[in-house]
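In the order they appear, the protein sequences are chains H, Y, C and Z. So the first sequence is numbered by our numbering: it starts at 1 and just counts up by one. So the second sequence is numbered by our numbering: it starts at 1001 and just counts up by one. So the third sequence is numbered by our numbering: it starts at 2001 and just counts up by one. So the fourth sequence is numbered by our numbering: it starts at 3001 and just counts up by one. Glycine included, C-beta positions come from ideal geometry on N, C-alpha and C. Nothing here was measured: the structure is a model prediction, and the numbers come from that model. A short write-up of the structure that comes next.
Number of protein chains: 4
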Amino acid sequence: MPKVVLAYSGGLDTSVILRWLKEEYGYEVIAFAADLGQGPDELKGLEEKALATGASSVYIQDLRKTFLEEYVFPMLRSGALYERKYLLGTSIARPLIARGMVQVALKEGAEAVAHGATGKGNDQVRFEVTVKALAPELKIIAPWRIWEIRSRKDAIDYARRYDIPVPVTVEKPYSMDRNIWHISYEGGILEDPHQEPPEDMFLLTRSPAQAPDEPAVVEISFEKGVPVALNGTAMDSVSLLNTLNEIAGENAVGRVDLVENRLVGMKSRGVYETPGGTLLYFAHRELEQLTLDRETMRFKEAVAIKYGEIVYYGLWYSPLRRALDAFIDSTQEKVTGDIELKLYRGNITISGRRSPYSLYHTGLATFEEGELYDQKDAGGFINLFGLPLQVEALLRGTWKSELES
Amino acid sequence: MPKVVLAYSGGLDTSVILRWLKEEYGYEVIAFAADLGQGPDELKGLEEKALATGASSVYIQDLRKTFLEEYVFPMLRSGALYERKYLLGTSIARPLIARGMVQVALKEGAEAVAHGATGKGNDQVRFEVTVKALAPELKIIAPWRIWEIRSRKDAIDYARRYDIPVPVTVEKPYSMDRNIWHISYEGGILEDPHQEPPEDMFLLTRSPAQAPDEPAVVEISFEKGVPVALNGTAMDSVSLLNTLNEIAGENAVGRVDLVENRLVGMKSRGVYETPGGTLLYFAHRELEQLTLDRETMRFKEAVAIKYGEIVYYGLWYSPLRRALDAFIDSTQEKVTGDIELKLYRGNITISGRRSPYSLYHTGLATFEEGELYDQKDAGGFINLFGLPLQVEALLRGTWKSELES
Amino acid sequence: MPKVVLAYSGGLDTSVILRWLKEEYGYEVIAFAADLGQGPDELKGLEEKALATGASSVYIQDLRKTFLEEYVFPMLRSGALYERKYLLGTSIARPLIARGMVQVALKEGAEAVAHGATGKGNDQVRFEVTVKALAPELKIIAPWRIWEIRSRKDAIDYARRYDIPVPVTVEKPYSMDRNIWHISYEGGILEDPHQEPPEDMFLLTRSPAQAPDEPAVVEISFEKGVPVALNGTAMDSVSLLNTLNEIAGENAVGRVDLVENRLVGMKSRGVYETPGGTLLYFAHRELEQLTLDRETMRFKEAVAIKYGEIVYYGLWYSPLRRALDAFIDSTQEKVTGDIELKLYRGNITISGRRSPYSLYHTGLATFEEGELYDQKDAGGFINLFGLPLQVEALLRGTWKSELES
Amino acid sequence: MPKVVLAYSGGLDTSVILRWLKEEYGYEVIAFAADLGQGPDELKGLEEKALATGASSVYIQDLRKTFLEEYVFPMLRSGALYERKYLLGTSIARPLIARGMVQVALKEGAEAVAHGATGKGNDQVRFEVTVKALAPELKIIAPWRIWEIRSRKDAIDYARRYDIPVPVTVEKPYSMDRNIWHISYEGGILEDPHQEPPEDMFLLTRSPAQAPDEPAVVEISFEKGVPVALNGTAMDSVSLLNTLNEIAGENAVGRVDLVENRLVGMKSRGVYETPGGTLLYFAHRELEQLTLDRETMRFKEAVAIKYGEIVYYGLWYSPLRRALDAFIDSTQEKVTGDIELKLYRGNITISGRRSPYSLYHTGLATFEEGELYDQKDAGGFINLFGLPLQVEALLRGTWKSELES
């Protein structure tokens, strides 16, 4: 019997897909789940459930450390945001999940992989493009684009027909994706962009009103752009992020509400919680302000925009991402130091910045004279800096009309 | 007697400069002050003071409306920030003040203009480059770069010698620049980037802890990217900004603390309050997310970075700024609509977004089928979108090593 | 009977499509052909042929002037090239042809448009995206993606079956697309990128060896970036381009041979002749060097890359193209003047440049002193310009290892 | 006696400077000359001349290999041009010469370096910024900005006064800079941009009319973007470039005539000969077209513009250049292969392209079906690719007015 590896979550959809792959194609189905920090409840009993639903075998891999260190932190160092706000928590997880599926597929000699992403979203692209890049010969099956099931009711009917256990939990009026970096919410009641998200939706962060009335202080230490310690204590990546999530969530930091442009051509509305990640981005930027020179920072802003697009579009395994990482690596050489943040009811303020490689030179910044800077030089600088505009004014009188108003 | 126009604030520095220009060059000094919303105290008695100090005449112009409509709002529409945080409140004021000086100089037949900006800052560049662009034949005098006065004490001594009234106010341990858009603070105790700014420094915004415990709601309406109404009431630009400053300041919105790269080559630390402006930027971006297509938004991100640089560098009167404005005008054609914001102790959340030109299409965004979108199309899209990576994988096996880890 | 408008060329393919649309869908077929300067032979007898093949009516529109003035010249002013070499002659024609089809479709009340572009090329995208942007409700039929005809032999068989006249001309071992701006060649014997194109393929240009041994001189005059005169004689756009094509072609100017990246995901090889266009691009750039300031030029280089992508991808009717045009319009305000070129066996050299708005200031460029430029200013300029690197060297000793080698 | 290291060429200017440094400052002057391939005549007798003029010691270093391999080839790989035409031959030499001076200065314990660049050009900036980056404590002396000598006549007078040998060669009516990569010409009779350069000025290239009437063929092989062999024969960098210069020069390849924007704020006119370099750029680009994917190529175009600016501005020893090099290194991983060029009277055509890493896939490029590409996919691709424009058209009718014309 040919084999297929299915990205399996234990929910209704992938359970139905699991069975459908057997019925429709006669596949032996290998269930694959990556633990990216979606929470213990999600993974509990997953193996049993998969086998009960008909899987021939089940792989559950704890990839949290890999996720943070090989995917999230490089992205953090790039400064990438999608459309200026989204910290890319779902996007960045997809290539890793797909890589895991491909590894299992190759090991098991499967001829195909399958996923439960719908035909309107970004995730289908991210999964499939990754598979194409890593194992171009593998077949990819995306049931939502081809089967007859059209709704949750159809899926439940299908599940009942095949004795697949249907989760008893009340379905939420939106869909969620969770990992150690973030939770995303979209669809359902969130589809009206004029409607606020309900307060009880948020799982990782308190609201500012419910947060403590005392500020919390946290110092994040980076080495070459990678967070390595909190409050002076070195931590492994998973602990560090869990701790930051707790502090930031408690203090109401990390919510984003965004109308965004999907890769597949339409606008959609997403709401995100990225508590620890928000602190990391904030602190990392502050440290860059201290340690990067102006021209590098400026070019890196353009790199960050492109990097965010690459991650959002699922192009992780592309030559351009690798080349941008080489650029970023070079820029992060001296992004080492400590940023102290004060958190209070959703606000982040900087209470300290320190780096052995700081380019901030107190003597220069003050308005007093020093040996490095002769104020008279500024006159020469301005004369040359302004020369093109002056010449244009002399030769063309470009802005004369401005003087009349 | 030849004439000079001096940008005069009534403070110690420009008072001393006023007299120094007479003593040093034998100039007849015309004092010029622009009311950009720096507050009534700043302007009170300015004329008398200038005349008492030796000015031959005084121009005080209320340019608040011009400032907002011809300088600030175009910048707002561009989305420009400097180094991702600074809303450019000081930078954007400089070309207007310089233009005012030049207009007076031409009217009065002055041969020179003078300003009190120091030789280490950005403002000297902004003033002088603007003068060069508008009236390349005018002489520019920057006393701080040439005279012997080196410190506040030197200035006070000079003032006493010439009976110039020395302000009795206690000098603040930092310097400030204020207009209707913002206040900036820098120098003095702020020069240590590891030191938090003192709470009592802030004049426009409460701290989150001191803000009311009830959220405030404000709806901002834009027409072609320009803010035109609050809570449904049309307002002139000055009233609109004053109102927004009050609401935002009351609710602790609008502080920024930044180590930034000055044009003249060093890093410096600035702290800024831009309460109303922060709301405007936030709301304008949200409206763009709703009304701009993806590719326009993406390119506009690059334009915003460049525009921010242009404003910060004082290149307002440059052909590139004008060409970028033409680009921006075109993008803002449909940036019309209402954004409702909820403010609470420093947090801004979106409680509503609405535009007659919204490109958000609910039918498309839902995960259900519709006539515009056939999910099967996504399969074809992904195949072509992923083709380059697939071909590379087939021909080169680029990422094979990724599968071993 | 429902109607369809077909982009009809009179060749075998679109003749077969014409009939196939009637047979397959029962459509009344309206043949549409745009005269873009593909040459008189192409259009001769087109109407009779279409009617004989079964068209219910035929539209042949001379759009050469529109093509040049509304499509080609804006592109020229943008400086757009695709992948640094291709002057976009086929790409830029597609939105205009599609617009013509849509106009006829709306006038005739047709429900669909059809084209003969294959499923592997860029043109299908350009045609269809334009139709979607202009008339989103129109159905689009692309027979090559759906019918059973797979080869030229299949098409001939089909033609014979329905008595469609098969062109007697010997088929060329590559495919061509021609208009007043260029000819493109691709496919067939050109598919091997290691193989030179045969000399007898080129229709518009002599080879350098066969060109005259005397240089030809031509002076091109631009007004706001638009070419308006040759050798001092004002000319309408069509005459101007025809004349330039002749001069350039005679002197072996305008061939390009390129492996390029198609939008649909693969690399392909194209060979192009754009004789007059090459002169226009060359001359326009020279004039910009004389009349644009440095910062505008630099940003415009990025705009040109994006513009080239937009044209190549068929996104002419997109908000971003329009916004970029607004930018470009502003930059071209002073791109007025005369560029004299000397052509000799494929070489273009500049024998003169002149503009009333030249920013070249002889006094400044010479190495002698003048009142505008004080060489001492350069010292100050360098000190500030180099300050960031100097500070980095002092604080970090970044490049010390460079001194050892 | 304190020491100074002078960049010494043996010409009138640096000879006078040598003596002036002794007279003015009492310096012991160490003459430094780098052999970058400026030709044997330039270096002949240099040591004797320097000592005769008063140098205490002389360093002449053959840096041709270093120049090509550590400076020129990285720039070649970046694709950098300045203002789309200039191959940066003078710019790229400056940081290496300055590095050599600094090395000697440190070795000799000199307190200063000096150069003969004028106060209006770019070279002063390039020299001095490099010195600041490498040895920020060194004093820099630029006599042309400070002394009283204003003209060639002044310099000759000074030389005579101090018995400095004045070169008997007739001075050329323009100035030149030569190295193994190029010759630049500027100033004098070239200052009128409406005037063609005289044919007898060119030293490295024949004119197209004087070139042989038979094409020459040369195959250039690259490894990771670096040229390593000609016509199948491996060559060291210096031989390779000398050979290419000869072939290209003989065949009239490599002249550029440009009005360019100097860093110091004015436009100037430069004429350049870069025969071998032109072939290398051309061939390298072709190889990239074959071996780089589209998105990497596109981003690299932006990198090339920035890289060109960095080199032109003398910012070689800047963190951004290093980070861009890391990006470029990554992109060049597979830029290995052979490009065959045919040269004929100034024309370069490609007669062959070959790479083991070619991404050109013949099966894909043909218009026939294959297993990798299903033409039906194109329909889905277009539908999603065009969706934003279609939605905009439906919701806004943006382009309706286009249909009326």
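* Under 8 Å between C-beta atoms, does H/L364 make it to chain Z? -> no
request  = With DSSP as the reference, label H/M266 as helix, strand or coil.
outcome  = coil
### Message
Suppose you measure from the CA of H/L372 to the CA of Z/Q3124; what does that come to, to the nearest Å?
### Response
19 Å
Under 7 Å: does the beta carbon of Z/E3246 sit that close to some heavy atom of the ligand ADP? The ligand ADP is not among the ligands present in this structure, which contains no ligands whatsoever.
Classify C/D2035 as helix, strand or coil using the three-state DSSP reduction.
-> strand
Review point. Under 7 Å Cβ-Cβ, which residues of chain H neighbour Y/E1371?
Key: Here the premise fails: no neighbours, minimum Cβ distance about 14 Å.
Any beta-carbon of chain B closer than 8 Å to the one on Z/L3395? This model lacks chain B altogether, as its protein chains are H, Y, C and Z.
Can you give me the start and stop residues for the beta strand (DSSP E) that H/M176 sits inside? 175-178
**Item:** 8 Å Cβ cut-off: residues of chain Z touching Y/I1294
**Value:** Just to set this straight, residue 1294 of chain Y is Arg in the shown sequence, not Ile. Per Cβ cutoff of 8 Å: P3388.
Checklist entry - Would a check of beta-carbon distances place C/H2194 closer than 8 Å to chain Z? => result yes
For H/N347, which residues does DSSP report across the bridge?
-> H/Y344
Beta-carbon proximity list for Z/A3135, same chain, < 6 Å, skipping 5 on both sides: V3102
In chain order, what are the residue ranges of uninterrupted alpha helix (DSSP H) at least 4 long that sit wholly in the stretch 3270-3315 of chain Z?
3275-3291, 3294-3312
If you check the beta carbons only, do Y/G1337 and Y/Y1357 fall under 8 Å apart? yes
Y/S1091 and Y/V1303 look like a contact to me (Cβ under 8 Å); what is the Cβ gap, rounded to whole Å? That pair is no contact at about 17 Å.
Query raised in the report: How should C/M2001 be labelled, buried or exposed, when 16 other C-beta atoms within 10 angstroms of its C-beta is the threshold for buried?
Result: exposed
Q) Is DSSP giving C/Q2195 helix, strand or coil here? A) coil
### Task
Give a yes or no on whether the C-beta atoms belonging to Z/L3280 and Z/P3227 are separated by under 8 Å.
yes
Note to self: Using a Cβ-Cβ distance cut-off of 8 Å, determine whether H/D377 contacts chain C.
What the structure shows: yes
Check your understanding: Which residue's Cα is closest to the Cα of H/V4: H/P208, H/L46, H/A55?
Key -> H/A55
### Query
Going by C-alpha distance, which of C/D2035, C/A2050, C/K2065 is nearest C/S2239?
C/K2065
Can you pull the chain H residues whose beta carbon is under 7 Å from the beta carbon of C/G2380, in chain order? K376, D377, A378, G379, G380, F381
Check each residue of the stretch 2325-2340 of chain C: if its Cβ is closer than 8 Å to any Cβ of chain H, include it; give the result in chain order.
K2334
Please state if the CB of Y/Y1008 and the CB of Y/A1033 are separated by a distance shorter than 8 Å. yes
Close-in-space but distant-in-sequence residues of the same chain around Z/I3310 (CB under 6 Å, 5 per side omitted)
R3321
| Closer than 8 Å, CB to CB, is H/F202 near chain Z or not? | no
Self-check item: Beta-carbon gap between C/A2326 and Y/S1330 smaller than 8 Å
Solution: yes
Say whether chain H places a C-beta atom closer than 8 Å to the C-beta of Z/R3285.
no
### Message
Here's the rule: buried if 16 or more other CB atoms are within 10 angstroms of the residue's CB, otherwise exposed. What is H/I189?
### Response
exposed
Looking at chain C, which residues of the stretch 1024-1058 of chain Y have a Cβ within less than 7 Å of any of its Cβ atoms? none
Measure the beta-carbon distance from Y/Y1086 to Y/L1258 and round it to whole angstroms, keeping in mind my assumption that it falls under 8 Å.
6 Å
Check your understanding: Are any of the Cβ atoms in chain Z nearer than 8 Å to that of Y/V1264?
Key -> no
**Prompt:** In the structure shown, what three-state DSSP assignment does C/A2229 receive?
**Reply:** strand
task: Return the chain-ordered list of same chain residues with a C-beta closer than 6 Å to the C-beta of Y/T1014, the five sequence neighbours on each side being excluded.
output: Y1008, G1116
Original post:
Does the count of Cβ pairs from the stretch 208-224 of chain H and the stretch 345-352 of chain H closer than 8 Å reach three?
Top reply: yes
- Task: Could you have a look at Y/E1171 and say whether DSSP puts it in helix, strand or coil?
- Result: coil
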